[in-house]
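Novice: Take this structure, written in structure tokens, and hold onto it; I'll ask about it next.
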Amino acid sequence: MAPARPTATVLAMLLAAATAALLLAGLSAGSEGWSLAWSEAWTLVRDIRAPRSAGAWLAGALLGLAGAIAQGLFRNPLADPYLLGSAAGAGLGVVLVLAAGGAAGASIGLATASALLQAGLVGAAFAGALGGVALTLLLAGGAARPMSLLLCGVVVGVLLGAVSELVLLVSPDALRGKQVFLLGTTGFLGWDGVGVLAAVLALALPIALRVSRALDALVLGEASAASLGVPLAQVRLLLVSLMALATGAAVAQVGLIAFVGLVAPHLVRRCVTVAHGPLLALSALTGGVLLLAGDLAARSVIAPQELPVGVLTAVLGGLYLLLLLRRSRG
Amino acid sequence: MSTNAPAMVATGIGVTLGAATVLDDVSIELQPGRWTAIVGPNGAGKSTLLSVLAGLRRPDRGQVQVGGMHLATLPARERARQVAWLAQQGEADGDLAVRAIVGLGRLPHQGLFGSPDARDLRAVELALEATGSTAFAHRRLGELSGGERQRALLARVLAVQAPVVLLDEPTTHLDPPHQRAVLCCISGLVRQQAAVAAVLHDLTLALAADQLVVMARGRVQASGTPGDPAVHAAIEAVFEQAIVIRSIEADAGTDAGPRWVALPSR
């Protein structure tokens, strides 16, 4: 029998409440413990905790959105925002900039966020992520055939990964920088980054919602969607572009955060039966809540030290997938 | 006999895949208010023909006209309003509710960016009712049994309210009550003056159609009414005499003609 499920509105309200509560917690959690007396540490709250919390939510929302698009587009519940070469592209972009910086003799301080920003790593990661997806599209001859798109994504991942390795062989110093930057951390987020993430979300979400019924039609299969007059080739190209933009922006600001994009749409589908329009919006909300919660945990678990949030989401997301697997077997 | 103009006319259709000729000079006419069963062994080109008629595959030779217009030159949405197509089973899957699935049948009318109006909602309810799917309209497609699933997908096709309806093996893997439900839906469509063509593997079901088209090796071997001896001979020939077609008398008290059954030959 079909289990009773809450409505999309109820879930949206719960997620909004969770966001508010987590934001409050995010502003209060510091390396010295929790404190609601913000006025005492106002600069800290304004310049570090607030942009970090807002940015974590936004990056998570972009990953949740990209994951929901990927899973609808490829009709595969295990599709992931990174599968079209954006991760490998971002990695190569970062490595190239670090290696170039090393070659120029400019020593890049990895410990501070400002040095990273100065080195243009954010821009390089963004350009690399988009470049990776563009290369995948080029090799696949457009977005018309999802299977060749997926295969070309794998090829581009291997290819760009190999080039990264080659560059690292020549300038091994870049390795640590790549690790720090791509491990997945919300520690470098500032208000500039928050602005970029917010702008990308404000652009991508409404457009994705607008074409979400094409994803509904794809549930019937490629040919049936085409028989309903859906211009599949154009819609696919648009959605792949949105996915690349959302993923690229998130990777550039917070590195490779594993599993948020994969798990967020799963959680939504477990809770509610909805068409892709609400699914995209709710996946974005869920992604935001997940990464914000992850960030909070990463800051608090071993305070005053910090875990990279990417490691945390990888562990938690992996466990969740294992749980799903066990349940589907049972 | 119907004096109406045919809803769909395909002439001289040819499709070549690599070195293989999948369809060769196939011509077929679909009349409003009649249903045509397309039968033949595996690899006869039945599904390919149906996808050509649906405008999903461009034929290498020949042309298809729907309502007097060239199918190839129609914009995709207009084509989708004229011709509804049900894929073979197995492809559709996912977490969408049945009502949303059926609502997709209104996409050709609304466009991708439109939202449903009162007519669309009514068409969805009618399609759900006609297929007996109302009771499980809130459930997810992935949670349904095979029969319920097929009824939901058929409702999606009905919701288009297209003058031409093409069904690719709508009864395969269904038990007799569900097969009969599909046939009832087809009869309903025919009463509403739709032209229906269905690829069927079950020959006894096919022999209940208004017209049969017998295909083998990419060509039409015979076409005619279920009682036509030439059609019977062609069916028996394309299935290598593995079946025979026999008539059974109509039930007493009805004025229906004889019914035909396909039996395995001894």
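First to last, the sequence lines map onto chains Y and G.
No gaps in the numbering here: position 257 of the first sequence is 256 in this note's numbering, and each next residue is one more.
When you read off a place in the second sequence, starting at 1, and then add 600, the result is the number in this note's numbering.
Even glycine gets a Cβ: it sits at the ideal position worked out from N, Cα and C.
Drop a sphere of 10 angstroms on the beta-carbon of Y:P171, count the other beta-carbons inside from all chains shown, and report buried for 16 or more, exposed for fewer.
Specialist: It is exposed - the Cβ of Y:P171 has fewer than 16 other Cβ atoms within 10 Å.
Novice: Name the two residues that bound the continuous beta strand (DSSP E) containing G:P864.
Specialist: Element bounds for G:P864: R859 to P864.
Novice: If you run the structure through DSSP and keep just helix, strand and coil, what is G:H670?
Specialist: In this structure, G:H670 counts as strand in the three-state DSSP scheme.
Novice: Per DSSP, G:Q663 forms a beta bridge with which residues?
Specialist: Answer is G:T611, bridged to G:Q663.
Novice: Going along the chain, which residues of its own chain have a beta-carbon closer than 8 angstroms to the beta-carbon of Y:V288, five neighbours each way excluded?
Specialist: These residues qualify, in order along the chain: L14, A17, T18, L21, W56 and G59.
Novice: Do the CB positions of Y:A283 and Y:L129 come within less than 8 angstroms of each other?
Specialist: Their beta carbons are not under 8 angstroms apart, which means Y:A283 does not touch Y:L129 by this criterion.
Novice: Thinking C-beta only, is Y:T184 closer than 8 angstroms to Y:S85?
Specialist: Taking 8 angstroms as the Cβ cut-off, Y:S85 and Y:T184 do not qualify as a contacting pair.
Novice: At a Cβ threshold of 8 angstroms, is G:A697 touching chain Y?
Specialist: Yes, G:A697 counts as interfacial toward chain Y.
Novice: The stretch 661-672 of chain G: which residues have C-beta closer than 9 angstroms to a C-beta of chain Y, in chain order?
Specialist: Flagged: no residues at all.
Novice: Exposed or buried, which one is G:E769 when buried takes at least 16 other CB atoms within 10 Å?
Specialist: The residue is buried, with at least 16 neighbouring Cβ atoms inside 10 Å.
Novice: Using the C-alpha atoms, what's the distance from Y:G186 back to Y:A112?
Specialist: Here the model assigns Y:A112 a pLDDT of 46, short of 50, so the residue's position is not dependable, and the following value carries that caveat. Approximately 8 angstroms between the Cα atoms of the pair.
Novice: Does the distance from the CB of G:L807 to the CB of G:P826 come in under 8 angstroms?
Specialist: In contact: G:L807 and G:P826 (Cβ atoms closer than 8 angstroms).
Novice: Using the Cα positions of G:L805 and Y:G220, report the straight-line distance between them to the nearest angstrom.
Specialist: The alpha-carbon atoms of G:L805 and Y:G220 are separated by roughly 27 angstroms.
Novice: Using a beta-carbon distance below 8 angstroms, is Y:S299 in contact with chain G?
Specialist: It does not; no Cβ of chain G falls within 8 angstroms.
Novice: So, does the CB of G:A752 fall closer than 8 angstroms to a CB anywhere in chain Y?
Specialist: Not an interface residue.
Novice: Interface residues of chain G around Y:A215 at Cβ under 7 angstroms?
Specialist: With the sequence shown as reference, residue 215 of chain Y is identified as Asp, and Ala is not the correct amino acid for it. Result: L696, A700 and L704.
Novice: Could you work out which residues of chain A lie near G:P659, taking near to mean beta carbons separated by less than 7 angstroms?
Specialist: Of the chains in the structure shown, none is chain A; the protein chains are Y and G.
Novice: Can you find a C-beta in chain G that's less than 8 angstroms from the C-beta of Y:T272?
Specialist: By this cut-off, Y:T272 is an interface position.
Novice: Which residues, taken in chain order from the stretch 219-249 of chain Y, show a beta carbon closer than 9 angstroms to some beta carbon of chain G?
Specialist: Those residues of the stretch 219-249 of chain Y that come within reach of chain G (Cβ to Cβ, closer than 9 angstroms) are L219, G220, E221, A222, S223, A224, A225, S226, L227, G228, V229, P230 and V234.
Novice: Which same chain residues end up closer than 7 angstroms to Y:R74 when comparing Cβ atoms and leaving out the 5 residues on each side of it in sequence?
Specialist: The answer, listed in chain order, is L217.
Novice: Going by beta carbon distance, what residues of the same chain come within less than 6 angstroms of G:A607, once the five residues before and after it are set aside?
Specialist: Correct list, in chain order: L630, P632, P763, V764 and A795.
Novice: Using the beta-carbon of each residue, which ones in chain G are nearer than 8 angstroms to Y:R144?
Specialist: In chain order: nothing, as chain G lies at least about 15 angstroms away.
Novice: According to DSSP, simplified to helix, strand and coil, what is G:R846?
Specialist: Note: G:R846 maps to strand in three-state DSSP.
Novice: Kindly indicate which residue of G:V838, G:A637, G:T611 and G:D624 has the alpha-carbon position closest to the one of G:V813.
Specialist: G:V813 has its Cα closest to that of G:A637, out of G:V838, G:A637, G:T611 and G:D624.
Novice: Would you mind telling me which residues of chain G sit closer than 8 angstroms to Y:V262, beta carbon to beta carbon, in chain order?
Specialist: Near Y:V262 there are no residues of chain G at all, since even the closest Cβ is about 15 angstroms away, more than 8 angstroms.
Novice: Can you have a look at Y:T312 and say buried or exposed, based on whether 16 or more other CB atoms are within 10 angstroms of its CB?
Specialist: Y:T312 should be labelled buried.
Novice: In this structure, does DSSP put Y:I68 in helix, strand or coil?
Specialist: If DSSP states are grouped into helix, strand and coil, Y:I68 belongs with the helices.
Novice: Mind checking which residues open and close the alpha helix (DSSP H) that includes G:R699?
Specialist: G:R699 -> alpha helix (DSSP H) spans V698 to G703.
Novice: Would you be able to state if there are at least three C-beta pairs under 8 angstroms between the stretch 308-326 of chain Y and the stretch 244-259 of chain Y?
Specialist: In short, these stretches touch, since the Cβ pair count reaches three.
Novice: How far does the beta strand (DSSP E) with G:E629 in it extend, from its first residue to its last?
Specialist: Run containing G:E629: A620 to L630, per the beta strand (DSSP E) assignment.
Novice: Assign G:R634 to one of three DSSP states: helix, strand, or coil.
Specialist: In the structure shown, G:R634 sits in a strand (DSSP, three-state: E or B).
Novice: Taking buried to mean at least 16 other C-beta atoms within 10 Å of its own C-beta, is Y:V300 buried or exposed?
Specialist: Y:V300 should be labelled exposed.
Novice: Within 8 angstroms of any Cβ in chain G, is that where the Cβ of Y:V9 sits?
Specialist: Chain G, which has no Cβ nearer than 8 angstroms to the Cβ of Y:V9, makes this no.
Novice: Y:V229 by DSSP, collapsed to three states: which one?
Specialist: Three-state DSSP puts Y:V229 in coil, outside helix and strand.
Novice: For G:G705 and Y:S147, I'd like the C-alpha separation in whole angstroms.
Specialist: Distance between the alpha carbons of G:G705 and Y:S147: 29 angstroms.
Novice: Does any residue of chain Y have a CB that is nearer than 8 angstroms to the CB of G:F839?
Specialist: Cβ-Cβ to chain Y under 8 angstroms: no for G:F839.
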